[in-house]
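> Can you keep this structure in mind? I'll have questions shortly.
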Amino acid sequence: MAKYVAVAGKGGVGKTTFTALLLRQIVKNNKDISILAVDADPNANLNEALGLKVTATISDLLEETKNPKAIPTGMPKDVFVEYKLQQTLIESQDIDLLVMGGPQGPGCYCYPNDLLRKYLESLGSNYDLVAVDTEAGLEHISRRTISHIDTMFVISDSSARGIRSAGRVHDLIKGLRSAVGEVYLVVTKTSHDSLDLLSEEIEKTGLKLIGDIPIDPLVTELDLEGKALYSLPDQSQAVQSVQKILEKTHLINL
Ligand SMILES: Nc1ncnc2c1ncn2[C@@H]1O[C@H](COP(=O)(O)OP(=O)(O)O)[C@@H](O)[C@H]1O
Ligand SMILES: [Mg+2]
12 MAKYVAVAGK
22 GGVGKTTFTA
32 LLLRQIVKNN
42 KDISILAVDA
52 DPNANLNEAL
62 GLKVTATISD
72 LLEETKNPKA
82 IPTGMPKDVF
92 VEYKLQQTLI
102 ESQDIDLLVM
112 GGPQGPGCYC
122 YPNDLLRKYL
132 ESLGSNYDLV
142 AVDTEAGLEH
152 ISRRTISHID
162 TMFVISDSSA
172 RGIRSAGRVH
182 DLIKGLRSAV
192 GEVYLVVTKT
202 SHDSLDLLSE
212 EIEKTGLKLI
222 GDIPIDPLVT
232 ELDLEGKALY
242 SLPDQSQAVQ
252 SVQKILEKTH
262 LINL
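So the mapping is simple: the working numbering equals the position in the sequence shown, first residue as 1, plus 11.
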């Protein structure tokens with residue numbers, strides 16, 4: 012069965028950077044692994060970090076299927092929706108990607124939501140690992156489009172406000188009960204004394220700190236050039252920090 016990993020936290024803290032680097036390291040450590048990355052942040056940009064081009068998002072396609080005229084005559088709606096969902100998978104050599112897309116418009120979406128859940132479940136079972144870059148609200152997990160997460164990383168930047176926000180995400184996770192297994196805090200964009208200065212705030216969140224990622228000039232550079240983070244060199248500080256974090260989790264033995 013696929014292991015599910017998710018990366019959560021408020022916007023701008025470094026979730027997508029961490030997700031891309033985590034996947035980079037998992038591929039490095041397990042050459043034959045099959046990975047499905049799911050971009051569940053409405054402000055989707057995981058594809059850029061991974062160097063993949065998005066052709067269609069799930070939201071776009073579900074929107075299309077709402078128009079009765081779009082359904083070929085004689086085709087049952089659920090068959091049509093499933094056929095459309097299959098077209099949203101972006102395949103590449105190491106990692107396949109699904110992009111959920113922006114929030115859906117008004118009206119009841121129970122029907123596609125149910126199909127989406129089933130589709131994600133059956134698609135996910137084809138992979139060794141499913142990695143979800145999610146938003147702070149954890150909407151897809153609370154709505155159960157993604158039914159469980161084995162390992163959750165809550166990301167905070169190096170600010171007291173960021174850590175408090177990570178604490179709120181932790182509360183949300185606790186509210187999801189059994190849906191989430193191990194939960195870790197990762198502090199990003201740190202400088203030499205960040206963790207000392209933040210230690211009191213970190214303790215208050217009840218989260219287990221698994222490691223930090225220093226500010227890495229190479230990450231800033233690639234970001235400025237709009238290049239994939241996946242192409243960072245092994246010596247990059249960010250890459251080495253993510254490798255250290257990976258080694259402390261079960262994800263090292265997939
Ligand atoms: N370790 C790091 N060093 C330098 N810049 C970073 C680091 N981690 C993230 N960033 C920068 O912070 C910004 C937000 O990162 P991103 O991963 O897109 O956050 P999120 O997905 O949480 O919105 C980006 O400009 C990114 O390049
Ligand atoms: Mg992001």
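The C-beta atom is built at its ideal place from N, Cα and C for all residues, glycine as well.
1. For D71, which of helix, strand or coil comes out of DSSP?
2. Relative to ligand 2, is the shortest distance from any of its heavy atoms to the C-beta of K259 smaller than 7 Å?
3. For the stretch 160 to 171 and the stretch 186 to 199, state whether three or more C-beta atom pairs, one from each stretch, are separated by less than 8 Å.
4. Confirm the yes/no value for this check: CB of T27, any heavy atom of ligand 2, distance under 7 Å.
5. Does the Cβ of L235 have 16 or more other Cβ atoms within 10 Å, making it buried, or fewer, making it exposed?
6. Report the residue from V24, K21, V38, T30 whose alpha carbon sits nearest the alpha carbon of N264.
7. Going residue by residue through the stretch 49 to 111, where are the continuous alpha helix (DSSP H) segments of at least 4 residues, counting only ones entirely within it?
8. For the stretch 197 to 221, list the alpha helix (DSSP H) runs that are entirely contained and at least 4 residues long, ordered along the chain.
9. Taking DSSP as the reference, what is the three-state secondary structure of E146?
10. What does DSSP give as the partner residues of D223 in its beta bridges?
11. Using a 10 Å radius around the Cβ and a threshold of 16 neighbouring Cβ atoms, would you call G25 buried or exposed?
12. Please state if the CB of E59 and the CB of A239 are separated by a distance shorter than 8 Å.
13. Provide the residue(s) that pair with V141 in DSSP beta bridges, ordered along the chain.
14. Buried or exposed: where does S252 fall if 16 or more other Cβ atoms within 10 Å of its Cβ makes it buried?
15. G112 and A55 look like a contact to me (Cβ under 8 Å); what is the Cβ gap, rounded to whole Å?
16. State yes or no: is the C-beta of K21 within less than 8 Å of the C-beta of A147?
17. Which partner residues of E193 appear in the DSSP bridge assignment?
18. Just to confirm before moving on: does the CB-CB distance between V65 and V110 stay below 8 Å?
19. Nearest to D223 by alpha carbon, out of A190, L63, S45, K259?
20. Does the distance from the C-beta atom of Q98 to that of A67 stay below 8 Å?
21. Leaving out five residues on either side along the sequence, give the residues of the same chain with a beta carbon under 7 Å from the beta carbon of I174.
22. What distance in whole Å lies between the Cβ atoms of R155 and R179, which are believed to be in contact at a cut-off of 8 Å?
23. Give a single yes or no on whether D227 has its beta carbon closer than 7 Å to a heavy atom of ligand 1.
24. Could you give the residue range of the alpha helix (DSSP H) that holds S252?
25. Can you find the residues in the same chain that come closer than 8 Å, C-beta to C-beta, to I46, ignoring five residues on each side of it along the sequence?
26. My assumption, with CB atoms under 8 Å, is that I160 sits in contact with H151. Please give the rounded CB distance.
27. Along the chain, where does the alpha helix (DSSP H) that runs through V24 open and close?
Once the coordinates are examined:
1. helix
2. no
3. yes
4. yes
5. exposed
6. V38
7. 57 to 61, 69 to 75, 88 to 97
8. 205 to 216
9. coil
10. V198
11. buried
12. yes
13. Y15, L47
14. buried
15. 7 Å
16. yes
17. T162
18. yes
19. K259
20. yes
21. S167, L209, E212, I213, T216
22. Going by Cβ atoms, the distance from R179 to R155 rounds to 21 Å, so no, they are not a contact pair.
23. yes
24. 248 to 258
25. L34, I37, V38, D105, I106, D107, Y138, D139, L140, V141, A142
26. In fact, because the Cβ distance is near 10 Å, the residues do not count as touching under 8 Å.
27. From DSSP, V24 is part of no alpha helix (DSSP H); its letter is neither H nor E.
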